[in-house]
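Below you'll find the structure, written out as structure tokens, and then a few comments.
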Amino acid sequence: MEKALIALAAALAVSIPALATAYAQARIGSAGAGTVAEKPETAGTMIILEAIPETMVILGFVVAIMLILQFA
Amino acid sequence: MIVEMVRVAVWGIGSEKDAIVEELHELGMLHLDIPSAPPLSSEELKGLRLLGATILGMVEALGWKEWDKISDETLLGARGKIRFESPEVVDEIAKSLEEFKRRLHLLLEERSSLMETLRSLRMTHQIAYHFQTFLEEEVSKGKCVSIWRLDHKSHARALSQLRSRLKVVTSPKERPYLSHHSVQLKDNEAILAISVDPQGEEIAEDFMRLTGGMPWHPPDETKGEGLLKSIEALEKKLSWVPKRLKSIDEELERCREEWGPHLAALYFLIEEKLDQLTVKQLAVKENGGMFVIEGWIPEEVLETLTARLKERFNGRILIQWRYPSSEEWHEVPTALDNPSQFKPFEIFLKLLPVPRYDEMDPTALIAIFFPFFAGCMVGDIGYAVIMGVLGWLLRRKCKRELWRDIGSVIIHMACWSAFWGVAFGELFGDLGHRLIHMEPLWVERSQAVLPVISFSVGLGVVHVLLGLFVGFLHGLRHKDNHMWMERLANILLITALIIALVHVKGWLPKSFFTLSISITIVGLLLLLKVGFLGGLVETIGAVGNILSYVRIAAIGLSSAILAVVASRFVDALGVSFIGIFLALSIHLLNLILAVAGSGLHAARLHYVEFLGKFYKGGGKEYKPFARKRGSLVWKRR
């Protein structure tokens, strides 16, 4: 039971930031597509901006790893 | 590094103005301060611009796109043949192009008209073919057939109403004869063929017109005696049009090959002449019989410029130069000059505003850290070899400078990937361990997660502190008290935090805790001096930035696990076609993710976490007054 709860906590630590990241990336992506259509030279900057919200899910992933390594 | 610039003023006598401007154009070293959107309106300029626009229009109409194949030799040859010395030359060229323009216009018009005809013929043929059997049957029965175009939704109701109208010409004991066949077109349109007795033909025609139907006929040139005869004419025409189109395309191709390069070279020459005229009118200051041209030039080529000008104009020219004063720094254009191994990394600055003349060029630091981070994320010898081959191919095969630079960056990434591959003992995941018992030099990252995470955070500490230190130096150099104090406070607070954390772990003696508190107090005092809240937010942001480097470990771990999963397919499915195919597919996916993901995230770490600490940008790019070169890069600009 305890292991199942740890696994659930680890899963939530990844999945909730993943949803938030997906939402943020969707918004940035649609705005970025509009910007690139107007100014193609901003394509590189838009790719970088698209990668910015991934910090959330990466930190969530690290928290999940910590949970599993510490308690499982 | 940013090239040192000097301000140069070239003085000459008015009669030699054209020759000196032309020589400076040829040398292509002097960056001139030309006001944007010049309000020029001389007849000569208008004529040249019109000719340039006409030529560009002809090149576009021809569909010629090989701008990158115009070599400098071709341009040199064209320059020798054509000199725009007077407006008459421009008129003469415009006249000589007139005949070609007319022929091209006729060809393109015929082509477009034939394309339209072909489309319409194909549609007509399709419709006629659809109704052919119906027509043949009805005509053989002696009925009258007509074809109508009408709204798809109303055609069922129209047929039922027509049937009741036809009762007028049918004997009461018989049912009115009405046979029909239809086909639906797009946009809710339908083509309806109706067959009635000869005596009902007029009623049917009037009724169909009343309900909004339009009689449908084949195109005029294929009209025969009835639709059935038209089908034969349609087929003949359908075989002729593509042949004619092919011969037009061949003629256009011939024109493209013969005229495209000449027109493009002419366009380059016109642009060059326009540049010279613009410079003469806007950048040259005249004073009596003298004139002066001022601009910026890299110090390293100053000697070449003065030697060339003195050689050609001897004592009839005066050249003055000086270093820019600190008040002028915002006006000085920025040119980058890095060693050949760092030069490809200048592409990272192309996504940012141009660095200011008084700023530090971060290219060398990016060249050191970017491949190191990206390599740490990939960390596989097998992938490193493939990346190296890919980078080498890009460098060798691509003509565009951008792709060659990307190739060099990938080669650097591949070298570090191989280094980390040895450290983590990875060759296509765990394949190296299975086949040749390869052991990690440091740790196996899929097993030892915490050491790799700690290492990546350590990298973050070093990188962010370096960025803050560069910002601190920049602030000191420019006497920007706010900047250097804030950066120093951040450095002190982060150092204090690290000492405290290490002390909590018990790795440092107790006295270090006191040191940590002292550093924190100094840091907080500095923050108070520059505005406490803003500085504190900056410090918290810097700590967040350090934690963001965890992505190096996280992405590396996911890449390592995916590579192991790929090999497991062979375990599960045996050395079979499907097992090997799936393993290779996963490896390919992992390789693409590794190259794209590691590059993207390493770039992001630089742009957001590192450069944000000191880089401002907002400078002017060094664009010397130079002749056009036959490159696509120029055309795109």
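If you read the protein sequences in the order shown, they are chains A and B. The numbering of the first sequence is this note's numbering, which starts it at 1 and goes up by one. The numbering of the second sequence is this note's numbering, which starts it at 1 and goes up by one. The beta-carbon is built from N, C-alpha and C at its ideal position, and this holds for glycine as well.
Mapping the DSSP letters down to three states, classify residue i as helix, strand or coil.
i: Gly-638/B; result: The first residue shown for chain B is 1 and the last is 637, placing residue 638/B beyond what the model contains.
i: Lys-479/B; result: coil
i: Met-214/B; result: strand
i: Asp-337/B; result: coil
i: Asp-430/B; result: coil
i: Met-438/B; result: coil
i: Asn-188/B; result: coil
i: Cys-255/B; result: helix
i: Trp-507/B; result: coil
i: Asp-197/B; result: coil
i: Lys-243/B; result: helix
i: Arg-149/B; result: strand
i: Ser-71/B; result: coil
i: Ile-34/B; result: coil
i: Phe-291/B; result: strand
i: Gly-154/B; result: Reading off the sequence shown, one finds Ser at residue 154/B, where the question assumed Gly. Ser-154/B falls in the coil class under three-state DSSP.
i: Lys-141/B; result: coil
i: Glu-66/B; result: coil
i: Leu-8/A; result: helix
i: Leu-178/B; result: strand
i: Glu-286/B; result: strand
i: Glu-609/B; result: helix
i: Val-332/B; result: coil
Applying the criterion that 16 or more other CB atoms from any shown protein chain within 10 Å of the CB defines a buried residue, is residue i buried or exposed?
i: Glu-311/B; result: exposed
i: Val-575/B; result: exposed
i: Glu-54/A; result: buried
i: Arg-636/B; result: Reliability of the predicted coordinates at Arg-636/B is poor, the pLDDT of 38 falling under 50, and no value is obtained from them.
i: Gly-32/A; result: buried
i: Phe-61/A; result: buried
i: Arg-627/B; result: buried
i: Lys-397/B; result: exposed
i: Val-90/B; result: buried
i: Gly-429/B; result: buried
i: Leu-75/B; result: buried
i: Val-145/B; result: buried
i: Lys-273/B; result: buried
i: Arg-445/B; result: buried
i: Trp-240/B; result: exposed
Residues bridged to residue i by DSSP?
i: Gln-320/B; result: Ala-9/B
i: Ile-555/B; result: None; Ile-555/B has no bridge partner.
i: His-587/B; result: DSSP lists no partner for His-587/B.
i: Pro-298/B; result: Met-5/B
i: His-412/B; result: Paired residue(s): none; His-412/B is not in a bridge.
i: Glu-54/A; result: Paired residues: none, contrary to the question.
Considering only the alpha carbon of each residue, which of the options lies closest to residue i?
i: Arg-256/B; options: Trp-67/B, Val-530/B and Asp-187/B; result: Trp-67/B
i: Gly-467/B; options: Leu-488/B, Leu-611/B, Phe-84/B and Leu-591/B; result: Leu-611/B
i: Glu-294/B; options: Pro-87/B, His-181/B and Val-332/B; result: Val-332/B
i: Leu-527/B; options: His-503/B, Leu-488/B and Glu-109/B; result: Leu-488/B
i: Glu-205/B; options: Phe-370/B, Leu-159/B, Asp-18/B and Glu-85/B; result: Leu-159/B
i: Ile-270/B; options: Leu-582/B, Val-301/B, Val-389/B and Glu-85/B; result: Glu-85/B
i: Ala-53/B; options: Ala-264/B, Ile-586/B and Phe-134/B; result: Ala-264/B
i: Lys-616/B; options: Val-470/B, Gly-541/B and Glu-359/B; result: Glu-359/B
i: Leu-593/B; options: Leu-394/B, Ser-558/B, Glu-401/B and Ile-347/B; result: Ser-558/B
i: Val-63/A; options: Val-36/A, Leu-5/A, Lys-3/A and Val-14/A; result: Val-14/A
i: Ile-347/B; options: Pro-362/B, Arg-356/B and Val-461/B; result: Pro-362/B
i: Ala-596/B; options: Phe-268/B, Thr-133/B and Pro-371/B; result: Pro-371/B
i: Pro-640/B; options: Gln-320/B, Glu-621/B and Ile-191/B; result: In this structure chain B extends from 1 to 637, so residue 640/B is not present and cannot be described.
i: Phe-512/B; options: Val-378/B, Gly-523/B and Ile-498/B; result: Ile-498/B
i: Lys-285/B; options: Ile-368/B, Gly-47/B, Gly-77/B and Gly-12/B; result: Gly-12/B
i: Val-666/B; options: Ser-179/B, Gln-320/B and Val-570/B; result: Given a span of 1 to 637 for chain B in the structure shown, any question on residue 666/B remains unanswerable.
i: Ile-194/B; options: Tyr-357/B, Glu-538/B, Leu-162/B and Gly-421/B; result: Leu-162/B
i: Leu-282/B; options: Ser-42/B, Phe-207/B, Arg-322/B and Asn-188/B; result: Ser-42/B
i: Arg-551/B; options: Leu-562/B, Ser-598/B and Ala-583/B; result: Ser-598/B
Is there at least one Cβ from chain E nearer than 8 angstroms to residue i's Cβ?
i: Ile-16/A; result: Reference to chain E is not applicable here, since the protein chains of this structure are A and B.
TODO: Report the residues of the region 585-611 of chain B with a CB closer than 8 angstroms to any CB of chain A, ordered along the chain.
DONE: Leu-600, His-601, Ala-603, Arg-604, Tyr-607 and Val-608
Task: Contact list for the region 449-467 of chain B against chain A, Cβ threshold 8 angstroms - done: Val-449, Leu-450 and Ile-453
TODO: With 9 angstroms as the limit, tell me which residues of the region 519-548 of chain B have their beta carbon closer than that to any beta carbon of chain A; keep them in chain order.
DONE: Answer in chain order: Gly-544, Leu-547 and Ser-548.
- [ ] Report the residues of the region 21-37 of chain A with a CB closer than 9 angstroms to any CB of chain B, ordered along the chain.
- [x] none
TODO: Compile a chain-ordered list of the residues in the region 378-398 of chain B whose CB is closer than 7 angstroms to at least one CB of chain A.
DONE: none
- [ ] Quick one: which residues of the region 42-58 of chain A get their C-beta closer than 7 angstroms to a C-beta of chain B? List them in chain order.
- [x] Gly-44, Thr-45, Ile-47, Ile-48, Ala-51, Ile-52, Thr-55 and Ile-58
Open item on the list: Short of 7 angstroms Cβ to Cβ, which residues in the region 349-362 of chain B face chain A?
Closed with: Residues of the region 349-362 of chain B with a Cβ closer than 7 angstroms to any Cβ of chain A, in chain order: Leu-351.
Task: chain A contacts from the region 563-582 of chain B (Cβ-Cβ distance under 7 angstroms) - done: From the region 563-582 of chain B, no residue has a Cβ closer than 7 angstroms to chain A.
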